[in-house]
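Visitor:
Residue numbers (our numbering): 1 to 330.
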């Protein structure tokens, strides 16, 4: 039996231990404002390979390098003018920028062999403290088995990765609840690769024009498909173990219901279980609850999860993106 994963409070001693393990090639789950991330030394290919193995993650799927500030980011990638403007406006925060990589600053395995690198400066004080103590870029995809629902608490991480990683730092639930927005700044026009915790409109206001849209991933994208340009771009991702139905007209027998703003579709009463992303209709609250609610409904024994239609503006775009991936064929 593999040793059980330790869970430590995210105090000074826990942060020191996390940095020590990361410096020695270990795997540590750390809290961020978006979701919990599974961290390893992004410069160490053995550590990165261990992270891929722990997650069961396709090795072509690039990882985000987390750093404590813009100065550290400039040591990992070449920030274009658009990237500099976005970094000044939104870092630290739930925004990942894809820029040309500086050779040797991160391992090729962490970048999945790409000439670009995805970089983020997280806003969470514990993540900031770990990054500063570690003194190196930390690759930190979501701390879950690949394709499973992303974790927004230490308990979620433990449920997926117990015995596969050394340590989890527990700092309570994540505030944002969906992953970072990813913008590709390598070309003449920035491209939205993944909606996330920072709404498109805020980014476009800084850029002074619209973001281009990346083509959607092909349905059924699998491990032999071409490498995606950034994390989180597989067609099937963030997925519960049972089918997910989107924008349902009625709840059928044996289904659990994920609803929003108190919506009660036909068949509401016969749902195996019911959870409301935000009874008040608040998209920020809905994003924060998304993964925890999906996990909870997935554990009820329901044969499927029925999801009501949600707004598409603001964070609704990121929520809809995650739900589409959860519903994709696997």
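Here a beta-carbon is modelled for each residue, glycine too, at the ideal position from N, C-alpha and C.
(1) Could you compute how far the alpha carbon of residue 261 sits from the alpha carbon of residue 164?
(2) Could you check how far apart the C-beta atoms of residue 277 and residue 297 are, in whole angstroms? I think they sit under 8 Å.
(3) DSSP state of residue 264, grouped into three classes?
(4) Taking C-alpha atoms, which residue in 149, 211, 22 lies nearest to residue 183?
(5) According to DSSP, is residue 211 helix, strand or coil?
(6) Look at the Cβ atom of residue 318, then the Cβ atom of residue 121, and state whether they are nearer than 8 Å.
(7) Can you say whether residue 255 is buried or exposed, counting buried as having 16 or more other CB atoms within 10 angstroms of its CB?
(8) Under 8 Å, do residue 86 and residue 244 count as touching if we go by C-beta distance?
(9) One question on the structure: do residue 99 and residue 79 come within less than 8 Å of each other, judged by their Cβ atoms?
(10) Which residue marks the beginning of the beta strand (DSSP E) containing residue 274, and which one marks its end?
(11) Taking the alpha-carbon of residue 134 as reference, which of 22, 105, 36 has the nearest alpha-carbon?
(12) In chain order, what residues of the same chain have a beta carbon less than 7 Å from the beta carbon of residue 91, not counting five sequence neighbours either side?
(13) When DSSP labels each residue in this structure, what does residue 250 get in the three-state scheme?
(14) In its own chain, which residues sit with a C-beta less than 6 Å from the C-beta of residue 152, not counting the 5 before and 5 after it?
(15) According to DSSP, simplified to helix, strand and coil, what is residue 166?
(16) In chain order, what residues of the same chain have a beta carbon less than 7 Å from the beta carbon of residue 44, not counting five sequence neighbours either side?
(17) Roughly how many angstroms separate the alpha carbons of residue 214 and residue 13, rounded to a whole number?
(18) For residue 279, which residues from the same chain have a beta carbon less than 6 Å from its beta carbon, with the 5 sequence-adjacent residues on both sides left out?
(19) Kindly give me the distance between the Cβ atoms of residue 168 and residue 154, rounded to whole angstroms, as I take these residues to be in contact under 8 Å.
(20) Please return the same chain residues whose Cβ sits closer than 6 Å to the Cβ of residue 83, not counting the five positions on each side in sequence.
(21) Taking the alpha-carbon positions, what's the residue 104 to residue 46 distance?
Guide: According to the structure data:
(1) Rounded to the nearest whole angstrom, the C-alpha separation of residue 261 and residue 164 is 38 Å.
(2) Not confirmed; about 11 Å, so no contact.
(3) Note: residue 264 maps to coil in three-state DSSP.
(4) Selected option, being the one with the closest Cα: 211.
(5) Here residue 211 sits in coil by DSSP.
(6) For residue 318 and residue 121, no; Cβs fall outside 8 Å.
(7) Classification for residue 255: buried.
(8) Result no, Cβ atoms of residue 86 and residue 244 do not sit closer than 8 Å.
(9) It is a contact, given that the beta carbons lie within the stated cut-off.
(10) Residues 274 to 276.
(11) Closest by alpha carbon: 22.
(12) Excluding residues within five positions, the ones whose Cβ falls inside 7 Å are 70, 121.
(13) Shown here, residue 250 sits in coil according to DSSP, grouped into three states, outside any helix or strand.
(14) Taken in chain order, the residues that qualify are 35, 173, 174, 177, 291, 292.
(15) Three-state DSSP puts residue 166 in coil, outside helix and strand.
(16) Within the same chain, Cβ atoms closer than 7 Å to the Cβ of residue 44 are found at 25, 107, the five residues on either side in sequence being excluded.
(17) In a straight line, the C-alpha of residue 214 is about 43 Å away from that of residue 13.
(18) Excluding sequence neighbours, residue 279 sits near 262.
(19) About 5 Å separates the two Cβ atoms, so the contact holds.
(20) Result list for residue 83: 97, 99, 185, in chain order.
(21) Inter-residue distance for residue 104 and residue 46 is about 15 Å (C-alpha atoms, whole angstroms).
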